[in-house]
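Undergrad:
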Amino acid sequence: MKSTAKLLSFLVFMMMPVHSVHADVLPGDLINESNVQKIEGLVPDFVLEWVKKGDLTMKIGELAYEPADFLPPEFKVKSNVGRYKVVENNVLKDSKTGELSPNPRTVKGWPFPVIDANDPTAPLQFLHNFNYKEYARFPLTTRDFWLVINRKGLEDKYNIRIQKTLFPEGYEYEQGEVSVFDAPFQVANIANMSCNFMDPVRTGIRYVYAPQLRRVKRLSYRLAGSEETLGTDFAPDDCWAGGPKTAFDEGSYKMLREQVALVPYLAGSPGGAVINENGEIDTGFAKAGNRAYVGYETDGWEGAPWHITNVIWAKRPVYVFEGRSENKNYRYGPFECWWEKGTFTHVYKRDTDINGTLWKGVYYVHRVMESGDGGFRDVDFIGPIVVDMKSDRATTIVANCMEGLYYTRNYSKVNLKHFTRSGFVTFTK
Amino acid sequence: MTLQIVLLGCLLPSVCEALLSDKKNGTWNLIGKIKAQATFRTIDTPDNNPIPIEAGDLINQRTLLLIEFRHDLGQILAQPEIDYYLQLRAFYDSVWDIGPDVFSDDDTRRQYLFDNRDQINDLKWDVDLFLAFIDITYGPLFTRSGRQIISWGEMSTKRILDGTNPLDTTASLAVDLLERMVPLAMVRTTLTFDNVGPFSSVGVDGYYVPGSIENKNGEELIDGSAVYPPIGRNTVEELQNPFSLSSLMQIVDQVPDDIDSDRYGVKLNMMLGFLELNLAYYRAYSDVPVPFLDIDAFQPIYLTWPHIGRILGTLITDPSNFWNAFLGDQKLRVVLTYDTVDVYGGSFNYYVAPIDTVLRGEMALYKDVPKIKPGSIADLVTELGGKVYLPGGNLTLGDLLSGVDLGGLADMTLPFSSGTIATFDVLKYGIGIDKNIVTPLNRKKEFMLIFEYVGSKIFAYEENSIIYPWQGPNGETLYEPEYTHDFIFIARTDYFKGQLVPQFTTFYEVVPRALVLIPAVTVFKGPWQFECTYMHTFSKSYEQEGFLASRNELTIGFAYNF
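The listed protein sequences derive, respectively, from chains Z and Y. The first sequence begins at 968 in our numbering and counts up by one. The second sequence begins at 124 in our numbering and counts up by one.
(1) Is there a Cβ of chain Z sitting closer than 8 Å to that of Y591(Y), yes or no?
(2) Which partner residues of E1217(Z) appear in the DSSP bridge assignment?
(3) If you measure beta-carbon to beta-carbon, which residues of the segment 602 to 629 of chain Y are closer than 7 Å to chain Z?
(4) Candidates I1242(Z), N999(Z), C1206(Z): which alpha carbon is nearest H1313(Z)'s?
(5) Closer than 7 Å by beta-carbon distance: list the chain Y residues that pair up with I1275(Z), in chain order.
(6) Looking only at its own chain, which residues have a Cβ that is under 6 Å from the Cβ of G1404(Z), when we skip the five neighbours before and after it?
(7) State the start and end residues of the unbroken alpha helix (DSSP H) segment that holds R233(Y).
(8) Is R1388(Z) closer than 8 Å to S324(Y) when the C-beta atoms are compared?
(9) A533(Y): buried (16+ other C-beta within 10 angstroms of its C-beta) or exposed?
(10) Give me the chain Y residues within the contact set of S1236(Z), using Cβ-Cβ distance strictly less than 8 Å, ordered along the chain.
(11) Just the Cα atoms here: how many angstroms apart are T1064(Z) and Y1099(Z)?
(12) Check this for me: beta carbons of A1253(Z) and K147(Y), under 8 Å apart or not?
(13) If you draw a straight line from the alpha carbon of L246(Y) to that of V298(Y), how long is it in whole angstroms?
(14) At a cut of 8 Å, does the segment 361 to 368 of chain Y reach the segment 184 to 200 of chain Y through at least three beta carbon pairs?
(15) Leaving out five residues on either side along the sequence, give the residues of the same chain with a beta carbon under 6 Å from the beta carbon of T280(Y).
(16) If distances are taken between C-alpha atoms only, which option among G355(Y), W446(Y), A255(Y) comes closest to M94(Y)?
(17) Taking the alpha helix (DSSP H) that L503(Y) falls in, what are its first and last residues?
(18) Any beta carbon from chain Z within less than 8 Å of M394(Y)'s own beta carbon?
(19) Buried or exposed, going by whether 16 or more other CB atoms sit within 10 Å of the CB of E586(Y)?
(20) When we look at the beta-carbon of V1392(Z) and count the other beta-carbons within 10 Å, is it buried (16 or more) or exposed?
(21) Within this structure, are the beta carbons of D491(Y) and V457(Y) separated by less than 8 Å?
(22) Given a cut-off of 8 Å, decide if I1082(Z) and D1111(Z) are closer than it, judged by their beta-carbon atoms.
(23) Please list the partners that R1298(Z) has in chain Y, where partner means a Cβ-to-Cβ separation under 7 Å.
(24) Check the DSSP bridge columns for L459(Y) and list the partner residues they point to.
(25) Determine contact between the segment 1332 to 1352 of chain Z and the segment 1240 to 1249 of chain Z, defined as no fewer than three beta-carbon pairs at a distance below 8 Å.
(26) So Y1286(Z) packs on W1306(Z), CB below 8 Å; how close in whole Å?
(27) Compare the C-beta of M486(Y) with all C-beta atoms of chain Z and state if any pair is closer than 8 Å.
(28) For a cutoff of 8 Å on Cβ pairs, would you count A476(Y) as touching chain Z?
(29) So, at 6 Å on beta carbons, what are the nonlocal neighbours of P604(Y) in its own chain, with the 5 sequence-adjacent residues on each side left out?
(30) Would you kindly report the start and end of the unbroken alpha helix (DSSP H) that includes Y1099(Z)?
(31) Report the start-end ranges of each beta strand (DSSP E) in the segment 178 to 260 of chain Y that is 3 residues or longer and not cut off at the edges.
(32) Using a Cβ-Cβ cut-off of 8 Å, state whether Y467(Y) counts as contacting chain Z.
(33) If you reduce the DSSP assignment to three classes, tell me which class G621(Y) lands in.
(34) Counting only beta-carbon atoms, is T1073(Z) nearer than 8 Å to chain Y?
(35) Out of curiosity, what's the CA-to-CA distance linking E140(Y) and I190(Y)?
(36) Helix, strand or coil, according to DSSP, for S1338(Z) in the structure here?
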């Protein structure tokens, strides 16, 4: 009887399909269509689909460092635990002062250094953390490339300059942004300027310079965040794994789960930042190295030409939450957001159309930066890489590709007049 | 052209990116576009058009090259920031060489009394530094020096406060939007202040166009081009009548006015919450030239009896030479007069957050705008006749004809006036709203809708005192009204990730009930761009935009961006 049971057990074991073995990967694995089952459950469905189609080959790696150790010092302390909470309209409230949407100048470190996944506002805490971390680097200047890539390769290459700042005390607005397209000709000299409040319910101002009209035009303040921009696949709200960014109050979110996932990190050791003679931190590859390579420019790359190729995929803990916009005109249906635990950086975003069908897969490649002298450390990301699954095309935004200057709160480096209606004429042609 | 495009398609890169750029620091780039475009008239011109154009005729075939170089020099020392910008423009309109005979064949053109091949050869092409300026920013102070464009105001189509740079109207739809405003050499300064009283920012913008350097008030129009409005057709046959418009135009020497006055302006910009307010003053040149007879330039004629005999003889035997016999080599000098106009105005825009709508408005008072008074043979007789001395030298032709009934000639309106130039104050005003809406017509992109109303009033107006520089379809004189009212509607969206951009523009003019429809579509594919625009006007009268009813046209164009 015992031997019969053993035999049955053995037969049952032998009859089990091979792929029912628990999905798992090991550092050094190369994941492609032949062993895609290894990453099931570790990535969103769209990444699985890319691998199955041969669009993406994933090199599994192991980080020789803990990314959170590379966060700036103020983001390592947990002094803000319990101080902030999310209240009505998704607004951040300082429990200590009672202030709503506190100015980032007054918030040191993460507003939510510890997030309880069971807290119904947990997804919003990730998004607030993201925003306040971003503000911490202001004022900054970047020169980026927006690469529109189809199956055959590069289609459009846009050059864009962006300057963002926080306003010092005494100014009406709290945050300002100017962006200018330099090339190619059909978008050249289009410039945008916006000034905002932290409070999502308070309305800011937005202007655009339209070269064909030779005119600065007032625009609606609220961006149509789910509408693609200038012929790309990128919608403004794809800049993060979240919902409406300029209409923050219109997003509603629900935590789904905590899990282990494969998180893309730029290959190589931490680096890619230099502090120049002016005290500015330059994270652009032109000065600091750590360049991201895209498929169409990578020799031997057989996948889709839009993916970042010098990436390792490391197992990391993440949170997954779902969101939707309460605005009936929002072009995305429910979207799924994956965020890394510890660094509070976004990893994946799954956009659906209004019928709930998968539309776009978005991912963000993490980059751990450290200046040579160790005086500057940060965890940042490259991207987004927005793949439109329906039109089989992608837009890869190589953020900080050429130049990424962080002025480390040195406002003397920024001409705040550029962020006024009058001073915006500087960018007109 | 098709073959050229196919060849270009094979040779040019299929990636849309800067031609050259600073790949390391991104401080400079060289970009541009080449565009080939053709415009066809889709309606026969009326009989009183200077040249006959039939539906289907090519009226412009313009090839345009724009090359732009931007260089950010960054901060020189700690301050200031310096950058410069150059835009080279080259164009050639081949309609003057390969188009219909009324444009390309000199013999045909001479039938309509246009004998201007030298002018055509001079103006049908050009290579110029269209924009060229250097920017210096030092803290709150921004200066831009060089050939540049300033555009004030809020309306999308009709100009109210926006009058600094003249418009290029030489080729209707064939002129690219980017070259529609004519740059002027000027110095511009903007001084910006933060937090002034209740205002979050205040800016003072000023410019100065030195008359000694800048002598442009628009682009020169080729005589007998397709954009000539219906002003009467000059034909060899009509020359037999010495008092026909054709004959009179042969003794007129039209000369451009001197543009040598300084132009300048200042604008105060204020931000008060969501409200942007602007107050402006500027001095510019008038838009529409007034053909004005230069009496002083007319040399006195001392008639002798043999001279009178020759004049009368020619009148009987060869009427087409009547004026030559009378005036000899002398012509009437008609100056296409522009005058400086002082403009006072203001504009605002306001974002109405609860309904996510932008509200815009502007108003401007144009002081002493020169307008075209209807000239008459009687004026001519009075003013020139006084310089034509009859034999004996005591009596002039003017004295002789004073009080004489000129019959039907007295009712004839001349295309130029004399005496003093009539000027009027004109108030222009407009209001508009911009609203983005979602419609079932596009599930992925909003429609941008623009509604505008633009009106004007002429002060000290008298009935039938100001004429348009063109005629009605039957040669009738048209008079400017005291008030105008225009309603404008623009709708725009895009499909297929911005690769298909349809736009619909329409104007409705209350008087003379003219409806102008301008559907347009642009297709982008990588660096390639295809454009198609059609303009159709419904109007029974030619007042205001109504004269466009004789101008229905279709434009198609291909462009390559780099």
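Note that beta-carbon positions come from the ideal geometry of N, C-alpha and C, so glycine has one too. Just so you know, these numbers come straight off a predicted model, no measurement behind them.
TA: With the structure as the only source:
(1) Working through the second sequence from its first residue, we reach residue 591(Y) at position 468. No, no contact with chain Z.
(2) Residue 1217(Z) sits at position 250 when you count from the first residue of the first sequence. The partner list for E1217(Z) (beta bridge, DSSP) is empty, contrary to what the question assumes.
(3) K620, G621, Q622
(4) Residue 1313(Z) sits at position 346 when you count from the first residue of the first sequence. When only C-alpha atoms are compared, the closest one is C1206(Z).
(5) Position 308 of the first sequence, counted from the start, is the residue given in the question as residue 1275(Z). Those do not exist, as I1275(Z) stays about 19 Å from chain Y at its closest Cβ, beyond 7 Å.
(6) The question about residue 1404(Z) has no answer, for chain Z in this structure spans 968 to 1396.
(7) Counted from its first residue, the second sequence places residue 233(Y) at position 110. Per DSSP, R233(Y) belongs to the alpha helix (DSSP H) from 229 to 234.
(8) The residue you call residue 324(Y) lines up with position 201 of the second sequence. The residue you call residue 1388(Z) lines up with position 421 of the first sequence. Their beta carbons are under 8 Å apart, which means S324(Y) touches R1388(Z) by this criterion.
(9) In the second sequence, residue 533(Y) corresponds to position 410, counting from 1. Per the 10 Å Cβ criterion, exposed.
(10) By 1-based counting over the first sequence, the position of residue 1236(Z) is 269. Residues of chain Y passing the Cβ test: none, with the nearest at roughly 23 Å.
(11) As a first step, residue 1064(Z) must be located in the first sequence, where it is residue number 97. As a first step, residue 1099(Z) must be located in the first sequence, where it is residue number 132. Rounded to the nearest angstrom, the two C-alpha atoms are 18 Å apart.
(12) Sequence index remark: in the first sequence, residue 1253(Z) carries index 286 (1-based). Sequence index remark: in the second sequence, residue 147(Y) carries index 24 (1-based). Contact: yes.
(13) Position 123 of the second sequence, counted from the first residue, corresponds to residue 246(Y). Position 175 of the second sequence, counted from the first residue, corresponds to residue 298(Y). Roughly 14 Å between the two C-alpha positions.
(14) no
(15) The sequence position of residue 280(Y) within the second sequence is 157, counting from 1. Only I611 meet the Cβ criterion.
(16) The displayed coordinates of chain Y run from 124 to 685. Any statement about residue 94(Y) would go beyond what the structure contains.
(17) Counted from its first residue, the second sequence places residue 503(Y) at position 380. Counting along the chain, the alpha helix (DSSP H) containing L503(Y) begins and ends at 500 to 508.
(18) For the purposes of this step, residue 394(Y) is identified with residue 271 of the second sequence, where counting begins at 1. Closer than 8 Å to some Cβ of chain Z, the Cβ of M394(Y) qualifies, so yes.
(19) In the second sequence, counting from the first residue as 1, residue 586(Y) sits at position 463. Per the 10 Å Cβ criterion, exposed.
(20) As a position in the first sequence, residue 1392(Z) is number 425, starting the count at 1. Buried, since its Cβ has 16 or more Cβ neighbours within 10 Å.
(21) Counted from its first residue, the second sequence places residue 491(Y) at position 368. Counted from its first residue, the second sequence places residue 457(Y) at position 334. Not in contact: D491(Y) and V457(Y) (Cβ atoms no closer than 8 Å).
(22) Counting from 1 along the first sequence, the entry for residue 1111(Z) is found at position 144. Counting from 1 along the first sequence, the entry for residue 1082(Z) is found at position 115. Not closer than 8 Å, so no.
(23) Against the first sequence, residue 1298(Z) aligns to sequence position 331. Correct list: K567.
(24) The count along the second sequence starts at 1 and reaches residue 459(Y) at position 336. Paired residues: P379(Y), P414(Y).
(25) yes
(26) For the purposes of this step, residue 1286(Z) is taken as residue 319 along the first sequence, with counting starting at 1. For the purposes of this step, residue 1306(Z) is taken as residue 339 along the first sequence, with counting starting at 1. Indeed, because the Cβ distance is near 5 Å, the residues count as touching under 8 Å.
(27) In the second sequence, counting from the first residue as 1, residue 486(Y) sits at position 363. Cβ-Cβ to chain Z under 8 Å: no for M486(Y).
(28) Counting from 1 along the second sequence, the entry for residue 476(Y) is found at position 353. Chain Z contact via Cβ: present.
(29) If you number the second sequence from 1, residue 604(Y) lands on position 481. Correct list, in chain order: V634.
(30) Working through the first sequence from its first residue, we reach residue 1099(Z) at position 132. Start and end: 1089 to 1103.
(31) 181 to 198, 204 to 216
(32) Position 344 of the second sequence holds residue 467(Y). Y467(Y) does not count as touching chain Z.
(33) Taking the first residue of the second sequence as 1, we reach residue 621(Y) at position 498. Of the three classes helix, strand and coil, the one that applies to G621(Y) here is coil, per DSSP.
(34) Taking the first sequence and counting its residues from 1, one reaches residue 1073(Z) at position 106. Answer no: the Cβ-Cβ gap between T1073(Z) and chain Y never drops below 8 Å.
(35) Within the second sequence, numbered from 1, the residue matching residue 140(Y) stands at position 17. Within the second sequence, numbered from 1, the residue matching residue 190(Y) stands at position 67. Cα-Cα distance, rounded: 13 Å.
(36) Taking the first sequence and counting its residues from 1, one reaches residue 1338(Z) at position 371. Residue state, collapsed to three classes: strand.
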